[in-house]
Amino acid sequence: MVIGGGNAALCAALTAREAGRSVTVLECAPFEYRGGNSRHTRNMRCMHTAPTDVLTDAYPEDEYYADLLRVTGGLTTEHLARLVIRESPNANQWMKNQGARFQPSLGGTLHLGRTNAFFLGGGKALMNAYYQAAKKRGISVLYNAEVTDVDIRDGRFHSGQMLLEGKPAEFRAKALVVASGGFESNLEWLEEAWGEAARNFIIRGTPYNKGKLLRLLLDNGAESVADPKQCHAVAIDGRAPKFDGGIVTRLDCVPLGIVVNKFGERFYDEGEDLWPKRYAIWGRLVAQQPDQIAYSIIDSKAMGRFMPSVFPPITANTIGELASALGLPAATVENTVQAYNATVRPGSFDHQTLDDCRTEGLTPPKSHWAQAIDKPPYYGYPLRPGITFTYLGVRVNEKAEVRINGNSSPNIFAAGEIMAGNIVGKGYLAGLGMTIGSVFGRIAGKEAARAAH
1419 MVIGGGNAAL CAALTAREAG RSVTVLECAP FEYRGGNSRH TRNMRCMHTA PTDVLTDAYP
1479 EDEYYADLLR VTGGLTTEHL ARLVIRESPN ANQWMKNQGA RFQPSLGGTL HLGRTNAFFL
1539 GGGKALMNAY YQAAKKRGIS VLYNAEVTDV DIRDGRFHSG QMLLEGKPAE FRAKALVVAS
1599 GGFESNLEWL EEAWGEAARN FIIRGTPYNK GKLLRLLLDN GAESVADPKQ CHAVAIDGRA
1659 PKFDGGIVTR LDCVPLGIVV NKFGERFYDE GEDLWPKRYA IWGRLVAQQP DQIAYSIIDS
1719 KAMGRFMPSV FPPITANTIG ELASALGLPA ATVENTVQAY NATVRPGSFD HQTLDDCRTE
1779 GLTPPKSHWA QAIDKPPYYG YPLRPGITFT YLGVRVNEKA EVRINGNSSP NIFAAGEIMA
1839 GNIVGKGYLA GLGMTIGSVF GRIAGKEAAR AAH
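In my numbering, the protein residues as written are 1419 to 1871.
In structure tokens, the structure reads:
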């Protein structure tokens, strides 16, 4: 039995079926919203030692791990992280065998041509390919199947209860894979962790990830990993819907201008590092600002250099007019921009690399891509914290076995967001979530098949 309907769940289901086991998938969403957060994704991060059909140059294991170590500040489990990295090329090939199709990165996609393989048609096309493969191979998928309880004794799964199309039902299986995501759509749980600030958060992904299985496993003695406040949180357009806005609400213009809070003041280095390594810190940074809102301000030089949001920018011919249109104190924003412009030092601008365009004598500094904001018209976007998935999860070993009361469960396995905190305790690398889900989904499916046999 596989609980969940996203990338990790389908990787587990297909792998277990390949091993000859009968498999049923319980997806709590209806058919039209199947796929969890995976349907909003674009790519996965892959190790490779030479150019491939869709990746340039090379991205060796040690560089991959060094990138992960830097963004997590060391909050990772090295042997599990290296397992994910080493298995990423195999996962990529296996995905192709299931009908997944890849393409080279498009222009403006965060300098990812060397590190990330993009799904042709995006995550929705990937999930459709998986579900088609599952249908061909006789995997049963039950939609609107909300698990409400699990019977776990001595660390072993025996049975579970669910609401299937709203009606109570029982399920049994010899082995259980839990790939049901985090708790980011459970607003009450978010508020437990973050306080009232969570009320201003926007959930980028599925409204069905409420953490029910995570809570059930923890209540049954599963060991937890990661801090409930740690999450994949990016700066998204403040006009996005509360749930399910997806990738098109993200704003990638932050490194190309400045970001101010509701008082018109800068609060962090917008050019700290290449965007794929730092974009996921900006949700947390905005969450720490008053009223959990901020504003990205750019000029005409930046336009066309980033993937735009689905919402058009707010436009004005002067900084003061732009500030007023954004609801900001015009005089303060004008002073902030003037102070920034005065400290920009000349250099060779190149937003594809860590260039030498920086500020001098400004606090906070802008370390790279610093250009004066002086070419009208000027553009602004409101920013809100966009939560993709939470990192609090269950502890697993290299076989994806869940640790319960000090021991590895013989027949309960976890994959995807519900265990990603073992590898990414804070921060994020673009495409890493899909890599974790693909690798550990396959491991969980293989090991569940062995346990069932």
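Glycine is no exception: its CB is placed at the ideal position from the N, C-alpha and C atoms. Because the structure is a prediction, the values reported are computed rather than measured.
7 Å Cβ shell around residue i - same chain, five flanking residues per side excluded
| i | result |
| --- | --- |
| A1426 | A1597, A1833, G1834, G1855, F1858, G1859 |
| P1731 | Y1797, G1798, Y1799 |
| L1538 | R1519, F1520, Q1521 |
| H1786 | G1689, L1772, D1773, C1775, R1776 |
| K1719 | Q1789, K1793 |
Exposed unless 16 or more other CB atoms sit within 10 angstroms - verdict on residue i
| i | result |
| --- | --- |
| F1807 | buried |
| R1555 | exposed |
| A1484 | exposed |
| Q1550 | exposed |
| H1871 | exposed |
| K1630 | buried |
| T1490 | buried |
| P1764 | exposed |
| D1670 | buried |
| D1662 | buried |
| E1865 | buried |
| G1779 | exposed |
| N1508 | exposed |
| A1476 | exposed |
Neighbourhood of residue i by C-beta distance below 6 Å, restricted to the same chain and skipping five residues each side
| i | result |
| --- | --- |
| G1531 | T1474, S1523 |
| L1703 | Y1686 |
| A1712 | V1677, N1679, V1704, L1801 |
Residue i versus residue j - alpha carbon distance
| i | j | result |
| --- | --- | --- |
| I1699 | T1781 | 19 Å |
| F1536 | N1510 | 11 Å |
| A1552 | L1560 | 12 Å |
| L1498 | V1643 | 13 Å |
| T1470 | G1517 | 18 Å |
| L1444 | G1863 | 15 Å |
| S1727 | P1783 | 26 Å |
| G1584 | N1562 | 8 Å |
| C1446 | N1627 | 9 Å |
| P1646 | A1468 | 38 Å |
| A1547 | R1590 | 27 Å |
| R1684 | M1580 | 49 Å |
| I1748 | G1656 | Note on residue identity: the sequence assigns Ala, not Ile, to residue 1748. The straight-line gap from Cα to Cα measures roughly 20 Å. |
| R1571 | K1592 | 13 Å |
| G1424 | S1766 | 43 Å |
| A1434 | D1569 | 22 Å |
| L1605 | V1652 | 17 Å |
| L1487 | A1587 | 44 Å |
| L1608 | E1564 | 20 Å |
| K1542 | L1428 | 13 Å |
| V1472 | P1478 | 16 Å |
Residue nearest to residue i in terms of C-alpha spacing, selected from the options
| i | options | result |
| --- | --- | --- |
| G1839 | Q1756, G1492, S1603 | G1492 |
| R1457 | G1851, G1863, R1868 | G1851 |
| E1481 | R1504, I1665, Q1579 | R1504 |
| L1594 | Y1548, Q1770, S1440, H1650 | S1440 |
| I1620 | N1515, D1569, P1659, A1437 | P1659 |
| A1790 | H1769, F1685, V1762, G1584 | V1762 |
| P1795 | V1652, K1542, Q1516, I1715 | I1715 |
| T1777 | L1746, F1729, D1687, S1727 | D1687 |
| K1844 | T1771, A1867, C1649 | C1649 |
| H1769 | N1753, A1757, G1722 | G1722 |
| I1665 | A1616, F1729, P1708 | F1729 |
| W1612 | P1694, R1452, G1701 | G1701 |
| W1512 | L1544, E1496, G1540, R1500 | L1544 |
| N1638 | Y1846, I1861, P1448, N1823 | N1823 |
Cβ-Cβ distance between residue i and residue j below 8 Å
| i | j | result |
| --- | --- | --- |
| V1677 | L1582 | no |
| Y1797 | T1733 | yes |
| A1788 | G1689 | yes |
| T1853 | M1462 | yes |
| Q1706 | N1618 | no |
| F1575 | N1829 | yes |
| N1534 | A1760 | no |
| I1805 | E1610 | no |
| T1624 | G1454 | yes |
| M1465 | T1442 | no |
| H1529 | L1692 | yes |
| A1437 | A1818 | no |
| T1494 | V1814 | no |
| A1757 | I1557 | no |
| T1667 | R1622 | yes |
| G1388 | L1744 | With the chain running from 1419 to 1871 in the structure shown, residue 1388 is simply not present. |
| G1540 | R1460 | yes |
| S1827 | G1573 | yes |
Contact set for residue i: own chain, Cβ-Cβ below 8 Å, skip 5 residues either direction
| i | result |
| --- | --- |
| V1812 | V1596, L1632, L1635, L1636, A1640, E1641, S1642, V1643, V1820, R1821, A1832, I1836, M1837 |
| L1740 | I1715, I1732, T1733, A1734, V1751, Y1796, Y1797, G1798 |
| T1754 | I1676, V1678, G1682, E1683, R1684 |
Any chain B beta carbon closer than 8 Å to residue i
| i | result |
| --- | --- |
| R1813 | Chain labels in this structure do not include chain B; a single protein chain is all it has. |
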